[in-house]
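First up is the structure itself, then whatever we jot down about it.
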Amino acid sequence: MREIPKRSISEFNSKLKLKGFNVFQIEADGNATKVYSRKDFYKICLTTGKSKIHYSDRSFEAEGTILFFGNPHVPYSWETLSTEYVGYTCLFSEEFWNASPRAESLQNSPLFKLGGTPILEISAEQRDFLNSLFERMINEQQSDYQFKDDLIRDYINLILHESLKLEPSKNYDQKKSAAERLTSVFLELLERQFPIESPEQPLSLRTPAEFANSLAVHTNYLNRVVKQVTGKTTSQHISERITTEAKAILTNTSWNTADVAYALGFEYPTYFNNFFKKQTGNSPTMLRK
1 MREIPKRSIS EFNSKLKLKG FNVFQIEADG NATKVYSRKD FYKICLTTGK SKIHYSDRSF
61 EAEGTILFFG NPHVPYSWET LSTEYVGYTC LFSEEFWNAS PRAESLQNSP LFKLGGTPIL
121 EISAEQRDFL NSLFERMINE QQSDYQFKDD LIRDYINLIL HESLKLEPSK NYDQKKSAAE
181 RLTSVFLELL ERQFPIESPE QPLSLRTPAE FANSLAVHTN YLNRVVKQVT GKTTSQHISE
241 RITTEAKAIL TNTSWNTADV AYALGFEYPT YFNNFFKKQT GNSPTMLRK
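If you count the sequence shown from 1, position 76 lands on 76 in the UniProt record's numbering, and the numbers rise without skipping.
See the structure below:
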């Protein structure tokens, strides 16, 4: 197996972070797929070969063609067991997905949600059709078409709808722990507050303590199980989601900074400015410019 220089891996990650989307053929960039370790992005893989996937506290063994859906909120790892391994990988950020006004919450999707069905077995006929969708995304990614991002999101949507028609893999261990159930409810409760349509309807839950109170559990317990299941703290999930919403509001509305701050649960605009700069490296004003 050839080695990919560290610089190439870094460039690959930087390119993905910049655009919020990347799709590539595994046989053409196989090692990049195996060494890619960031979990900041949703992932769809169509692969043929023998592998073992560890998803949260469950494992799945596959020999054939499968479709895998990776959620950045759920820890997972992938072992390639065969010498021949081909297919496609699509990676996209939540911001890329939410740029569409018709976007539905990925956290609520049976394919991506915690405790859902992230692994599907694919027939030869289904593989040919899905191959064509990944090829189209690759072609669009390289094109100069003005609305290619919208078109790529449509292809992802088509993959999701085709996948929902399929039966979940019978080799997948579907047991769900109490920690996963609580984490799932927390993430859904967090996501349910978005998008924010008006400054007059600010966030009702913003701190780990407020979420814990709503879920009738101790704050320390909620923090512990969320960290155990997702690898991120409760505060990290809340801050990341608020940052994503802040960017969307600043980009797509003319609300002043005070309105944005109030809508996102900040008592003073200066608190929001400091938070946003810490999370993104830029001030809200700089983002708009």
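Cβ atoms here follow ideal geometry from the backbone N, Cα and C, with glycine treated the same way. As the structure is a prediction and not an experimental result, all values here were calculated from the model.
{"Item": "Cβ shell of Leu-250 (< 8 Å), same chain only, five flanking positions each side left out", "Value": "Val-260, Pro-284, Leu-287 and Arg-288"}
{"Item": "Ile-122, DSSP secondary structure in three states", "Value": "coil"}
{"Item": "Rounded straight-line distance, which links the Cα of Thr-234 to that of Ile-154", "Value": "Checking the sequence shown, residue 154 turns out to be Asp, not Ile. Rounded to whole angstroms, Asp-154 to Thr-234 spans 32 Å at the Cα level."}
{"Item": "Residue environment, Glu-197, which counts as buried when at least 16 other CB atoms sit within 10 Å", "Value": "exposed"}
{"Item": "The segment 69–85 contacting the segment 41–50, beta-carbon criterion three pairs below 8 Å", "Value": "yes"}
{"Item": "Gly-49 to Ile-122 span [Cα, whole Å]", "Value": "12 Å"}
{"Item": "Tyr-55 vs Tyr-76 beta-carbon contact at 7 Å", "Value": "yes"}
{"Item": "Through-space distance from Glu-140 to Thr-65, alpha-carbon basis", "Value": "24 Å"}
{"Item": "Cβ shell of Ile-138 (< 6 Å), same chain only, five flanking positions each side left out", "Value": "Val-23"}
{"Item": "Asn-58, enclosing alpha helix (DSSP H) - first and last residue", "Value": "Checking the sequence shown, residue 58 turns out to be Arg, not Asn. Not the alpha helix (DSSP H): Arg-58 falls in the beta strand (DSSP E), residues 58–70."}
{"Item": "Reference Ala-258; option with closest CA among Trp-97, Gly-231 and Pro-199", "Value": "Pro-199"}
{"Item": "Gln-25 - DSSP class collapsed to helix/strand/coil", "Value": "strand"}
{"Item": "Where His-218 falls: helix, strand or coil (DSSP)", "Value": "coil"}
{"Item": "Residues near Phe-194 in its chain [Cβ-Cβ closer than 6 Å; skip 5 each side]", "Value": "Glu-245"}
{"Item": "Glu-63 to Val-185 span [Cα, whole Å]", "Value": "33 Å"}
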